[in-house]
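Numbering (UniProt numbering), first residue to last: 1 to 327. Beta carbons: idealized from backbone N, C-alpha and C, even for Gly.
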């Protein structure tokens, strides 16, 4: 690494959960870090943490749903930090609710942040990287980009859309013989604050569907794809089961999720119906790296590229898929 010209990463959704853990991971590696998020206090707190790690960083308050504001922020990042080499799209919001209880405004907002926010970030990154014809764009996805579950229809739809958009982009970059790389990292359940600040219409406090992983597990996976950029990286055995199972037995998974995914996403504790949520406004006091499940979260996870999984399936004649679904 050239210490006089350290590489630059920009992270959308960088002040909590996976985004904040990823900022730490890049800071420790010597990157200059651009922080993009809505909350001013959370940006300042994250920047202070990175400063203590010896990193140079710049935080800009922006809503990724605002394409013009995000584009302007990206230009400022390049002017003040240097050429952006890595762009990470990690911003998201969700609503826990049966579809019949969702309203159009809620679905629109989840789509604007989780899907269009990724689109806006990608366009901003391409504008910066295009003239140099190099860089890495990382879309932080989810197993839910392949296997939708009940009670999070708006979020699942947005993640499916991100995958479709990213597949189109990948084809176009290949057609152009571009050296800009793109990878979608499909995450398992992660212990983040989203389960304390997401809009919730279920009456009970929500939780990630176990097994749950620490945010740094995701951050390490995201950082790993910068040097060796696969088409996709699938993180966690549960993600692998969900993705492969959906390809082979979607109807069976429909029935299993209908039976288990309601209780799997709820605890026995009542939720406060009056508590604020982060759908339209940031909830500053809750911005932190980890949620309330640290005692249950794992510190490691299986990580395989989609190409590796395909090769394993072919080599085992599909036996791997059967083993995954049974265990």
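Three-way DSSP call (helix, strand, coil) for residue i in this model
| i | result |
| --- | --- |
| residue 97 | strand |
| residue 270 | strand |
| residue 113 | helix |
| residue 191 | coil |
| residue 207 | coil |
| residue 331 | The structure shown has nothing for residue 331, since the chain only spans 1 to 327. |
| residue 304 | strand |
| residue 183 | strand |
| residue 25 | helix |
| residue 240 | helix |
| residue 260 | helix |
Cα-Cα separation between residue i and residue j, rounded to whole angstroms
| i | j | result |
| --- | --- | --- |
| residue 116 | residue 80 | 26 angstroms |
| residue 107 | residue 150 | 15 angstroms |
| residue 65 | residue 161 | 15 angstroms |
| residue 253 | residue 245 | 7 angstroms |
| residue 74 | residue 102 | 33 angstroms |
| residue 7 | residue 123 | 20 angstroms |
| residue 104 | residue 78 | 36 angstroms |
| residue 302 | residue 233 | 10 angstroms |
| residue 315 | residue 227 | 27 angstroms |
Opening and closing residue of the alpha helix (DSSP H) in which residue i lies
| i | result |
| --- | --- |
| residue 163 | 153-175 |
| residue 76 | 67-81 |
| residue 224 | 215-224 |
Closest Cα partner of residue i within the set the options
| i | options | result |
| --- | --- | --- |
| residue 284 | 248, 207, 23, 40 | 40 |
| residue 313 | 124, 243, 100, 256 | 243 |
| residue 298 | 10, 177, 110, 217 | 217 |
| residue 114 | 99, 200, 141 | 141 |
| residue 179 | 185, 187, 170, 186 | 170 |
| residue 239 | 212, 277, 226, 110 | 212 |
| residue 289 | 5, 7, 24, 10 | 24 |
| residue 177 | 130, 112, 58 | 130 |
| residue 305 | 231, 42, 270 | 231 |
| residue 198 | 17, 12, 5 | 17 |
| residue 164 | 274, 145, 175, 248 | 145 |
| residue 110 | 235, 251, 278, 57 | 278 |
| residue 276 | 255, 310, 196, 295 | 196 |
| residue 310 | 20, 248, 63 | 248 |
| residue 214 | 295, 224, 42 | 295 |
Close beta carbons around residue i, own chain, < 6 angstroms, minus the five adjacent residues each side
| i | result |
| --- | --- |
| residue 153 | 99 |
| residue 27 | 33, 50, 53, 55 |
| residue 293 | 191, 212 |
| residue 10 | 34, 77, 84, 87 |
Sequence-distant residues of the same chain with beta carbon closer than 8 angstroms to residue i, five excluded per side
| i | result |
| --- | --- |
| residue 148 | 156, 157, 160 |
| residue 261 | 149, 150, 151, 209 |
| residue 229 | 136, 181, 182, 183 |
| residue 96 | 151, 152, 198, 199, 200, 201, 202, 206, 265 |
Span of the beta strand (DSSP E), counted from its first residue to its last, around residue i
| i | result |
| --- | --- |
| residue 283 | No beta strand (DSSP E) holds residue 283; DSSP gives it neither H nor E. |
| residue 59 | 57-61 |
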